[in-house]
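Counting with mature numbering (1 follows the signal peptide of the UniProt record, and there is no 0), you get residues -19 to -1, 1 to 142 for the letters of the sequence shown.
What follows is a short report on a single structure.
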Amino acid sequence: MKRLLLAALLAASPLLSMAQVNVDVNIGAPNFYGQVDLENDAPPPVVFLTPVVVQQVPSDVYYPPVYLRVPETYYQHWPQYCAMYNACYQPVFFVQESWYLQVYAPMYRSRYPYGRPGFTPRAYYGAPRYDYGPPRYDDRRDHRNERHDDRRDERRDDDRR
């Protein structure tokens, strides 16, 4: 029975590896959750007025506050989800959903029209360029393109029966 189960698992493993889904979400998209980079802008309206810290750190270590956009259930039960955002030791402010959708996302898309800072798409100049220079002659002299009609055998092209 164990061998049968092991064989079934080994047979199904390639099928499971092909079932991977890749999702690419850019900052500024409506379904993006994560850190909001303010870039010297004014602090946004937040859900709680005081930052949320799950695990206290020693007083000689300072972490700057982080502004996050998370689903509502995440900030209601933040100790369960802080590790997903690597923010258990940091003071966290949760930005309001309406501010993100109406102010931040349009502003981010206008600043970075290609989705992320520092990215510019490669220029496309239309059809590929062809070399219209003089013909290049091949000096191999192997006569590949010559027709050998002077062969004296049954495969000649001119004596069809």
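Even for Gly, the Cβ is constructed at its ideal location relative to N, Cα and C.
Nearest neighbour of residue i, chosen from the options [CA to CA]
i, options, result
"Val47", "Leu19, Pro87, Val38", "Leu19"
"Pro60", "Asn21, Val33, Ala86", "Val33"
"Glu53", "Val84, Gly15, Ala86, Tyr93", "Gly15"
"Pro25", "Ala68, Ala10, Asp41, Leu49", "Leu49"
Limits of the alpha helix (DSSP H) - the one that residue i falls within
i, result
"Tyr48", "Counting along the chain, Tyr48 falls outside any alpha helix (DSSP H), though it belongs to the beta strand (DSSP E) covering 47 to 50."
"Met88", "86 to 92"
"Gln61", "59 to 62"
Range of the contiguous beta strand (DSSP E) that encloses residue i
i, result
"Val73", "73 to 75"
Beta carbon proximity, residue i to chain C, threshold 8 Å
i, result
"Gly15", "Absent from the structure is chain C; it holds one protein chain and no more."
Residue i - partner residues in DSSP beta bridges
i, result
"Val33", "Val73"
"Val27", "Val76"
"Gln16", "Leu49"
Anticipated Cβ contact below 8 Å, residue i with residue j, distance rounded
i, j, result
"Val28", "Gln77", "6 Å"
"Tyr62", "Tyr55", "4 Å"
Any non-hydrogen atom of the ligand GTP within 7 Å of residue i CB
i, result
"Gln57", "Annotation note on the ligand GTP: not contained in the displayed structure, which lists no ligands."
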